[in-house]
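According to our numbering, the residues represented by the sequence shown are 591 to 1016, in order.
The C-beta atom is built at its ideal place from N, Cα and C for all residues, glycine as well.
This structure is a prediction, so every number in the text was calculated from the model and none was measured.
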Amino acid sequence: MTKAKHILLIIGGGIAAYKSSELIRLIKKSGMTVRCVLTASGAQFVTPMTLAALSENEVHTTLWSLKDETEMGHIQLSREADLVVVCPATANLLAKMAGGIADDLATTLLLATDTQVLAVPAMNVRMWDHPATQRNIEQLRADGLVVMPPDEGDMACGEFGPGRLPEPPAVMAEILRHLGGPNKSSALIGENELGRNPLEGQPAFAPDQHRPLHGKHVLITAGPTREPIDPVRYIANRSSGRQGFAIAAAAAEAGAQVTLVAGPVHLPTPAGVMRVDVETALEMEAAVLDALPSDIAIMVAAVADWRADSRAEQKIKKQKSDALAPLAPLALVENPDILAGLAKHEQRPGLLIGFAAETEKIEEHARAKLAKKGCDWIVANDVSGDVMGGAENSVHIVTAGGTEIWERLPKPEVARRLVAKIIEEI
Ligand code: CTP
C-alpha cells in the first residue's frame, strides 16, 4: 500500500473561503491527508476550529509560534506536502506570490517550498481582469506554478463574469490530476492507488437507474485554441466550448469516466469530469495523446488551423507611422490535425467522432471530411447563423450508414441525443 498523499492547503481571505471546508472533505474522502494554513484575512471568513475539525490536523496561522519552530518549522511544513494548494487565492495573495513577498506564514511557506503549487483564484471580476492581476498570473505560470482559471458567473458582490472560485469537485479533480493524472484505461475503473474512485463526484443515480457508459473512458476536446503571436497577441476563433462541455456532462451523467481537454474558455467543469486545460493546438494534441487509451473520442474543439511560425519574445512594435506602408508579413505554419492523427494512432479509440463547422453544402462537405479524417462519425454544425458561441445548434450526423438531421436544438439537448446515439452504437 503506497503512502497517502499529503496536501498543504493555504486558505486566503475571501467570501469563497467557506468552500475550503468542502474541499477538505473531498481531499479526506479520497484517502489523502491535509494540513491547513489560514491567513489573517482568511480567518475573517472561516475559523481555525472548523478547519481543524474537518482536516483532523492542527491549523497554522502565524509565523511566530515557537512551538511550530521547534516541532514543525515552516520549511518542513511546506516540504512535507506532495502538493501545495492555495484556495482561495486572492488578488493580494497572488500579487505577493508573484513578487516573492514573504510577510506572513502563508507567503513565507510559498516562498520556501520546492513542492508544486496549485493556485485557485477567486476575486471580483474587475480585480481578475485588472492588468496587474493578469500580469501576476502570467508571472506565476512562468515560474512553474499552476493557476486554475476561475469560473464565470454571478458573484457574491452582485457582478457577473470570470472570478468565481471553481466548485470544490473541480478543484479536487485538478489536485488528482497533479498527483497522478486520470486513469489511463477503462480496465482501471475502480479504486486506484490513491484509494480514489475515478467516478467520484458524478451525479448520484438511483439504484435501479442504468449507467450505460459505466467503465468506458470518453475523451473530449472542446473550445478554441489560442496561438500566440507575441506576449500580448494571438490567433483564435469564436468557439465558446459550450457544446463540448455539454457532451462531457452528458457522458459523465451516463456513467463514463470523462477526460475533457479544454482550450481557453470560461466554463465551469461539469461534475465528475477530469478537465485538462490547454491553450495551443500543440498542447491540445499532447494532452489528447497523454489521455489515451480511450474507448470513445469526441473531438469538438475548434482547433486553430495555423499558428505563427515563431512567437516573438517581446511585443511586436508598430514599425511605420505611414499607414499606407506595407506591413511585415506574419508567417504561419499549419497545426497538426489532432483528429486525423488519432484515426491513424495505434491506440485509435473504438468510436472516433469529429465535428465540422460548415457554412454551405453541409452534408457533402461533412462526408468528404469523414473520409479525409478517417473518423467514424462527423457531427456537422451549420455555422452559417449564430451557432458559434450561441446557445443552440443545428446538426447533421454523418456516418457510413447515412445522415440524420437534427433541427435547431439547445446544445445540452444535442449533447444528450449524441450520447444516446453513442450508447446505441457500442
Ligand atoms: N480538428 C483537429 N485538429 C485540427 C483541426 C481540426 O482535431 N488541427 C478536428 C476538430 O476538432 C473537428 C474536425 O477536426 O472535430 C473538423 O474541424 P474543421 O475545422 O471543421 O475542419 P478542418 O479540417 O479545419 O477543415 P476546414 O476548416 O478546411 O473545413
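If you draw a straight line from the C-alpha of residue i to the C-alpha of residue j, how long is it?
| i | j | result |
| --- | --- | --- |
| ALA881 | VAL890 | 16 Å |
| ALA840 | ILE605 | 31 Å |
| LYS905 | GLN666 | 41 Å |
| ARG550 | PRO821 | No information on residue 550 is available, as it lies outside the stretch 591 to 1016 that the chain covers here. |
| ILE600 | ARG615 | 15 Å |
| GLU757 | LYS908 | 43 Å |
| LEU920 | LYS1011 | 43 Å |
| PHE835 | GLY940 | 21 Å |
| LEU700 | LEU730 | 12 Å |
| GLU982 | ALA887 | 22 Å |
| ALA842 | LEU755 | 22 Å |
| VAL715 | GLU954 | 44 Å |
| VAL808 | THR651 | 43 Å |
| ASP966 | THR811 | 16 Å |
| ASP895 | TYR824 | 13 Å |
| THR705 | LEU695 | 16 Å |
| PRO1064 | THR993 | This structure gives no information on residue 1064, because the portion of the chain shown stretches from 591 to 1016. |
| GLY944 | LYS963 | 8 Å |
| ILE952 | GLY753 | 38 Å |
| VAL985 | SER900 | 36 Å |
| LEU999 | ALA877 | 30 Å |
Tell me the residue span of the alpha helix (DSSP H) that contains residue i.
| i | result |
| --- | --- |
| GLU764 | 758–768 |
| ASP719 | 715–719 |
| THR705 | Unbroken run through THR705: none, as it is neither H nor E. |
| PHE835 | 832–843 |
| VAL1004 | 1001–1015 |
| ASN983 | Run containing ASN983: none in the alpha helix (DSSP H); it sits in the beta strand (DSSP E), 982–989. |
| ALA681 | 681–689 |
Quick one: give me the first and last residue of the beta strand (DSSP E) that residue i is part of.
| i | result |
| --- | --- |
| HIS955 | Counting along the chain, HIS955 falls outside any beta strand (DSSP E), though it belongs to the alpha helix (DSSP H) covering 952–963. |
| ASN971 | 967–972 |
| SER610 | First-last for SER610: 609–619, but that is the alpha helix (DSSP H), not the beta strand (DSSP E). |
| SER645 | Not the beta strand (DSSP E): SER645 falls in the alpha helix (DSSP H), residues 638–645. |
| GLY931 | Premise fails: GLY931 lies in the alpha helix (DSSP H), 928–934, not in any beta strand (DSSP E). |
| GLU875 | Taken as a continuous stretch (DSSP letters only), GLU875 belongs to no beta strand (DSSP E), being part of the alpha helix (DSSP H) at 871–881. |
| MET738 | Unbroken run through MET738: none, as it is neither H nor E. |
| LEU633 | Contrary to the premise, residue 633 reads as Ala rather than Leu in this sequence. No beta strand (DSSP E) holds ALA633; DSSP gives it neither H nor E. |
| GLY805 | It is not in any beta strand (DSSP E) - GLY805 carries neither H nor E in the DSSP assignment. |
| GLU948 | 941–948 |
Please return the same chain residues whose Cβ sits closer than 8 Å to the Cβ of residue i, not counting the five positions on each side in sequence.
| i | result |
| --- | --- |
| MET864 | ALA763, LEU766, ARG767, PRO772, PRO788, GLN847, VAL848, THR849, LEU850 |
| LYS618 | VAL624, LEU644, SER645, GLU646 |
Leaving out the 5 sequence neighbours to the left and right, which residues in its chain are closer than 6 Å to residue i when beta-carbon positions are compared?
| i | result |
| --- | --- |
| GLY602 | THR629, GLY632, PRO678, ALA679, THR680, LEU683 |
| THR989 | TRP967 |
| VAL543 | The chain is shown only over 591 to 1016; residue 543 falls outside these bounds and no answer can be derived. |
| ARG832 | LYS1001 |
| LYS959 | ALA946, ILE968 |
Closer than 7 Å by C-beta to residue i: which residues in its own chain qualify, once you throw out the five before and the five after it? Chain order, please.
| i | result |
| --- | --- |
| GLU648 | ALA642 |
| MET874 | THR811, THR815, VAL851, GLY853, VAL868, ALA891, VAL893, ILE928 |
| PRO638 | LEU628, VAL649, THR651 |
| THR723 | ALA681, LEU684, MET717 |
| GLN634 | GLY603 |
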